[in-house]
Amino acid sequence: MASCEVRWPTLSHRLGVRMVRLSSRLSSIGTGFAKYFQKPPEDVIRLTIGEPDLDTPKAISEAAIAALRDGQTHYSRSLGLERTTRAVSTYLSRGGLEVEPDDIMITNGAKQALFSAMLAIGDPGQSMIIPSPAWASYNPQLKACGLHPIHVPLDQMLHLDIPSIEAAIDETTAAIIVNSPNNPTGSVYTTEELTSLVEVAIEHDLWLISDEIYAPMVWLDDRNHIPIASLPGAKNRTVTIGGWSKGWAMTGWRLGWITGPSSLIDHVSVVQANTVTHPPTFLQIGAAVALEDETLVEEIVTPFRERRSLVLKRLQAMPNIVVPELEGAFYAFIDIRPTGLSDLEFVERLLSEARVQTIPGSLMPFGEGWVRLSYTASTKDLIEGLDRMESWLHKLDST
Ligand SMILES: Cc1ncc(COP(=O)(O)O)c(C=O)c1O
1347 MASCEVRWPT
1357 LSHRLGVRMV
1367 RLSSRLSSIG
1377 TGFAKYFQKP
1387 PEDVIRLTIG
1397 EPDLDTPKAI
1407 SEAAIAALRD
1417 GQTHYSRSLG
1427 LERTTRAVST
1437 YLSRGGLEVE
1447 PDDIMITNGA
1457 KQALFSAMLA
1467 IGDPGQSMII
1477 PSPAWASYNP
1487 QLKACGLHPI
1497 HVPLDQMLHL
1507 DIPSIEAAID
1517 ETTAAIIVNS
1527 PNNPTGSVYT
1537 TEELTSLVEV
1547 AIEHDLWLIS
1557 DEIYAPMVWL
1567 DDRNHIPIAS
1577 LPGAKNRTVT
1587 IGGWSKGWAM
1597 TGWRLGWITG
1607 PSSLIDHVSV
1617 VQANTVTHPP
1627 TFLQIGAAVA
1637 LEDETLVEEI
1647 VTPFRERRSL
1657 VLKRLQAMPN
1667 IVVPELEGAF
1677 YAFIDIRPTG
1687 LSDLEFVERL
1697 LSEARVQTIP
1707 GSLMPFGEGW
1717 VRLSYTASTK
1727 DLIEGLDRME
1737 SWLHKLDST
């Protein structure tokens, strides 16, 4: 132990050095966000959080409650209940991706699925490419696996810059992490750009980790969600991740899924069996019902489609900001550079002067000059927040 700098006074307080180092390293990565995710005072309109304000559709909760009452409180398979993996398989097939139920594992949220994918694919010292700005948890998860995140900027339209991605590939690259619909940009990648990405992955023999957690939330009439694994040549090199948190407003249920080549699922299910075993059995019944009844997702998606139209129309009428098309998920990523403020100043002043809370893009690599606004508040609060933001921007414009 001579080389370890972390020491504890007594044995009863001693933690493993690896854990202490890991937790301090990971907590320092996310610290910038903490203050923006804190619950603000009552008078502030909060447009920061990435979870629907709506409750889980009743039929889903009732199914889980009935399963609990019915005694579905026992261990199931480490892959998850057969009914639930079958429901995921059928759901994915409706979206154009054919996967055997036994190649699907139910996880504790998409987050755990992502972590499992990173562990399964990368070896310490390798790297993964992240088109950025990107969801902030990829970085700490990669670091926890001993992998290096390589951030590559998106293009001006907040879409994939394929030549830059290809240029960033080197001998350490194990995978490219793709997230469409995207947090924080709201972009939905086209078939053409995803096809080009798959070609790059094939050319350089890389994995693709496709985070499709926002799949039900695509707002454009001429674009559908494209599961990357459904594209030619992609299936045997793509790990697809999804879940119930966003589309079915089930964030607190902590349920997601991972699917990919059988050999990969065989390995990650052994790890799951020996760590968390599986997510709670009775919750998986609710999750199966969510997918079996195709109408339930509309209870969440329909109000979000309406909010998205409202938010887009209102933001586009505001001075000195540029608002790209809101293509999917529930985020507006706004170019605030025409205001002359930095994104940090913009967010601080919008909060203190107009009482509206948003997230500065510069907390994420290549997000400088942009601000993320989540339209996860009620329509009433959204209207109030947008009213305040509009008059604040007009005032700013006239000073
Ligand atoms: C891009 C992205 N992936 C994954 C997740 C995590 O989803 P889950 O709640 O299923 O763990 C989030 C949550 O904010 C997200 O934005």
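The sequence shown begins at 1347 in the numbering used here and counts up by one. Every residue gets a Cβ at the ideal spot worked out from N, C-alpha and C, and that includes glycine. Predicted model only: the values in this text are computed from it and were never measured.
Residue closest to residue i, alpha-carbon to alpha-carbon, out of the options
i, options, result
"alanine 1456", "Asp1448, Pro1470, Trp1481 and Gly1441", "Trp1481"
"alanine 1561", "Glu1644, Gly1492 and Lys1385", "Glu1644"
"threonine 1745", "Leu1687, Ser1478, Pro1706 and Glu1694", "Leu1687"
"serine 1424", "His1613, Gly1715 and Asp1689", "His1613"
"serine 1608", "Tyr1421, Ala1466, Arg1364 and Ser1526", "Ala1466"
"isoleucine 1572", "Thr1641, Lys1592, Trp1590 and Arg1440", "Arg1440"
"glycine 1471", "Glu1512, Gly1378, Ala1521 and Gly1426", "Ala1521"
"isoleucine 1496", "Ile1515, Asn1620 and Arg1718", "Ile1515"
"arginine 1569", "Thr1537, Thr1394 and Lys1592", "Thr1537"
"glycine 1468", "Ala1490, Arg1660 and Asp1416", "Ala1490"
"valine 1498", "Glu1512, Gly1593 and Ala1459", "Glu1512"
"leucine 1709", "Ala1380, Val1366, Met1365 and Leu1368", "Ala1380"
"serine 1407", "Glu1691, Arg1651, Leu1629 and Glu1730", "Leu1629"
"glutamine 1458", "His1494, Ser1591 and Val1366", "Ser1591"
"leucine 1460", "Leu1488, Phe1712 and His1550", "Leu1488"
"glycine 1417", "Ile1631, Arg1718 and Leu1732", "Ile1631"
"asparagine 1529", "Gly1396, Ala1412, Glu1428 and Ala1413", "Gly1396"
"proline 1527", "Ala1633, Arg1432, Ser1478 and Phe1676", "Phe1676"
"proline 1479", "Ser1698, Tyr1382, Leu1368 and Gly1713", "Gly1713"
"arginine 1367", "Leu1500, Pro1486 and Lys1659", "Pro1486"
"serine 1483", "Asp1567, Arg1432 and Leu1372", "Leu1372"
"glutamate 1671", "Met1503, Gly1492 and Ser1422", "Met1503"
"arginine 1718", "His1550, Glu1699, Thr1430 and Phe1692", "Phe1692"
"arginine 1660", "Met1563, Glu1730 and Glu1446", "Glu1730"
Assumed close pair residue i, residue j - CB separation to whole angstroms, cut-off 8 Å
i, j, result
"isoleucine 1523", "isoleucine 1476", "5 Å"
"tryptophan 1565", "glycine 1674", "6 Å"
"alanine 1405", "valine 1635", "6 Å"
"proline 1398", "threonine 1725", "That belief does not hold up - the Cβ atoms of proline 1398 and threonine 1725 are roughly 13 Å apart, past 8 Å."
"leucine 1728", "arginine 1654", "At roughly 10 Å, the Cβ-Cβ gap does not stay under 8 Å, so leucine 1728 and arginine 1654 are not in contact."
"threonine 1419", "threonine 1627", "6 Å"
"valine 1657", "leucine 1742", "Contact flag wrong, Cβ pair sits at about 20 Å."
"phenylalanine 1679", "threonine 1531", "4 Å"
"leucine 1552", "threonine 1597", "Wrong, their Cβ atoms sit about 31 Å apart, outside the cutoff."
Other residues of its chain near residue i: CB distance less than 6 Å, five sequence neighbours each side excluded
i, result
"serine 1556", "Val1524, Ile1574, Thr1584 and Thr1586"
"isoleucine 1748", "The first residue shown for the chain is 1347 and the last is 1745, placing residue 1748 beyond what the model contains."
"alanine 1348", "Because alanine 1348 carries a pLDDT of 46, less than 50, the predicted location of this residue cannot be relied on, and no value is offered for it."
"proline 1403", "Leu1642 and Glu1645"
"valine 1390", "Arg1701 and Gln1703"
"leucine 1361", "none"
"aspartate 1449", "Thr1605, Ser1608 and Ile1611"
"leucine 1427", "Gln1630"
"valine 1546", "Glu1512"
"leucine 1438", "Val1445"
"arginine 1432", "Pro1447"
Bridge partners - residue i, DSSP secondary structure assignment
i, result
"leucine 1719", "Ala1678"
"valine 1474", "It is methionine, not valine, that sits at residue 1474 in the sequence shown. Methionine 1474 is bridged to Pro1495 and Ala1521."
"isoleucine 1631", "Per DSSP, none; premise fails for isoleucine 1631."
"isoleucine 1452", "Trp1603"
"leucine 1554", "Ile1522 and Thr1584"
Residues of its chain near residue i, where Cβ-Cβ distance is below 7 Å and the 5 sequence neighbours each way are ignored
i, result
"arginine 1600", "Asn1454, Gly1455 and Pro1625"
"alanine 1463", "Ile1555, Val1585, Ile1587 and Ile1604"
"histidine 1505", "Ser1533, Tyr1535 and Glu1539"
"arginine 1392", "Pro1386, Gln1703 and Ala1723"
"leucine 1696", "Val1702, Thr1704, Met1735 and Trp1738"
"serine 1615", "Ser1424, Leu1425 and Met1451"
"glycine 1715", "Asp1681, Ile1682, Arg1683, Asp1689 and Gly1707"
"valine 1434", "Ile1450, Trp1603 and Leu1637"
"alanine 1409", "Ile1631, Gly1632 and Val1635"
"serine 1720", "Leu1393, Thr1394, Ile1395, Gly1396, Phe1676 and Tyr1677"
Cutoff 8 Å; reference residue i; Cβ partners in own chain excluding five residues on either side
i, result
"leucine 1739", "Met1664, Pro1665, Asn1666, Ile1667 and Thr1685"
"leucine 1400", "Ala1595, Glu1645, Ile1646 and Pro1649"
"glutamine 1662", "Val1669"
"lysine 1581", "Ala1575 and Pro1607"
"aspartate 1639", "Ala1405"
"leucine 1577", "Thr1537, Leu1540, Thr1541 and Val1544"
"alanine 1619", "Ser1424"
**Request:** Taking only runs that begin and end inside the region 1662-1706, name each unbroken beta strand (DSSP E) of 3 or more residues, in chain order.
**Result:** With a minimum length of 3 residues, the continuous beta strand (DSSP E) runs that stay inside the region 1662-1706 are 1677-1681.
**Asked** Taking the runs of the alpha helix (DSSP H) that are 4 residues or longer, which of them lie wholly in the region 1375-1439?
**Response** Runs of the alpha helix (DSSP H) inside the region 1375-1439: 1404-1415.
**Request:** Counting only runs of 3+ residues fully inside the region 1557-1612, write out the beta strand (DSSP E) ranges in chain order.
**Result:** Counting only runs of 3 or more, we get 1584-1589 and 1602-1605.
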